[in-house]
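Residue numbers (my numbering): 3 to 347. C-beta: ideal position from N, C-alpha, C; glycine also. Here's the structure, in structure tokens; my notes come after.
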């Protein structure tokens, strides 16, 4: 694969041969996160026309899939167009390169000619250097732990998990341009993005959307996939280029004949609950499934009473019981593993 002549990695410019040599040194002598970067660079410049990528496992069992390199290039170009990224712009990689989000930061830099720095993918990545950057991608936990340093970023895309209302409120007065992204491994990261306070996602160039008979999103993106991508995400479609995300079809709770979308309820609860939590349905003799709330950390006194006063919460959206767990189980990419966490109960 060709590399943009303006591309730099940690402020150094390389020929393709030199970059591969650096990658090999990462594999042999680097930290685990550097080894992952080295592995991907070697894969990228191999003779294969595809890259093997592991899904996150947040919606099922992790699996390895093959993604064509030409589709990854197309995705990078679409991102560059959507976010107005140009050769010479600076970017920071602080996500693990084992997964698609980290791999695509490398691809965008090599394809668009960005000057990319990388740091260890910790929960507080901006503590490790003091530079300013035009573009960066983080998960919400990293954003939460980087509030005081976010002014050093011009554009920040946030993905991997929903953004709580409390975090949005913290970001509201900052000058950084924040974008929430929608995507998955199968769509080579994001196919749409929106400013934090917008309701509807706007799709990237070359992408259109529709819904199936379940009300779930269908993605038509020939620039990144040979076939339509049928998701399990419940959405409201405004046009073929914009949609509103509601939640996961496979998370729907049928409680006494009322269909509850956990993500909609969680958004309402986030104004009252600090830290990580989720709602779920458990078997119930009367209701079929009853709604419960699972909170990470120490017990919060009188939380149920506080939630019952939330004006946005409908009567049947109030959890029947609340459970506190010291630490949630996570997937390999750091997302909450709801199934494994519920087993702790």
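Check, Outcome
"Length of the line joining the Cα atoms of residue 183 and residue 160", "6 Å"
"For residue 138, three-class secondary structure by DSSP", "strand"
"Euclidean distance between Cα positions of residue 331 and residue 266", "22 Å"
"Cutoff 6 Å; reference residue 104; Cβ partners in own chain excluding five residues on either side", "97, 98"
"Cβ-based neighbour list, residue 102, same chain, cut-off 6 Å, excluding 5 preceding and 5 following", "55, 187, 191"
"Collapsed DSSP secondary structure at residue 83 in the structure displayed", "helix"
"Between the CA atoms of residue 345 and residue 171 - distance to the nearest angstrom", "33 Å"
"Closest residue to residue 328 among 279, 260, 316, 221 (Cα-Cα distance)", "279"
"Continuous beta strand (DSSP E) assignments of at least 3 residues falling wholly in the region 84-154", "92-95, 117-120, 135-140"
"Range covered by the alpha helix (DSSP H) that runs through residue 36", "34-46"
"Contact set for residue 169: own chain, Cβ-Cβ below 8 Å, skip 5 residues either direction", "142, 145, 146"
"DSSP state of residue 306 mapped onto helix, strand, coil", "helix"
"Environment of residue 132 [buried if 16+ CB atoms lie within 10 Å]", "exposed"
"Of the listed residues 37, 277, 281, 262, nearest to residue 268 (C-alpha basis)", "281"
"Proximity of residue 70 and residue 52 at Cβ, strictly below 7 Å", "yes"
"Local Cβ density within 10 Å of residue 7, reported as buried at 16 or more and exposed below that", "exposed"
"Neighbourhood of residue 224 by C-beta distance below 8 Å, restricted to the same chain and skipping five residues each side", "208"
"Rounded C-alpha distance that separates residue 134 from residue 80", "24 Å"
"Exposure of residue 65, with buried meaning 16 or more beta-carbon neighbours within 10 Å", "exposed"
"Unbroken alpha helix (DSSP H) run spanning residue 223, endpoints", "No alpha helix (DSSP H) contains residue 223, which DSSP labels as neither H nor E."
"For residue 243, the nearest candidate out of 205, 152, 115 (CA to CA)", "205"
"Limits of the unbroken alpha helix (DSSP H) element including residue 264", "264-271"
"The region 283-291 touching the region 304-319, judged by at least three CB pairs closer than 8 Å", "no"
"Of the residues 337, 306, 202, 89, the one placed nearest residue 246, counting alpha carbons only", "202"
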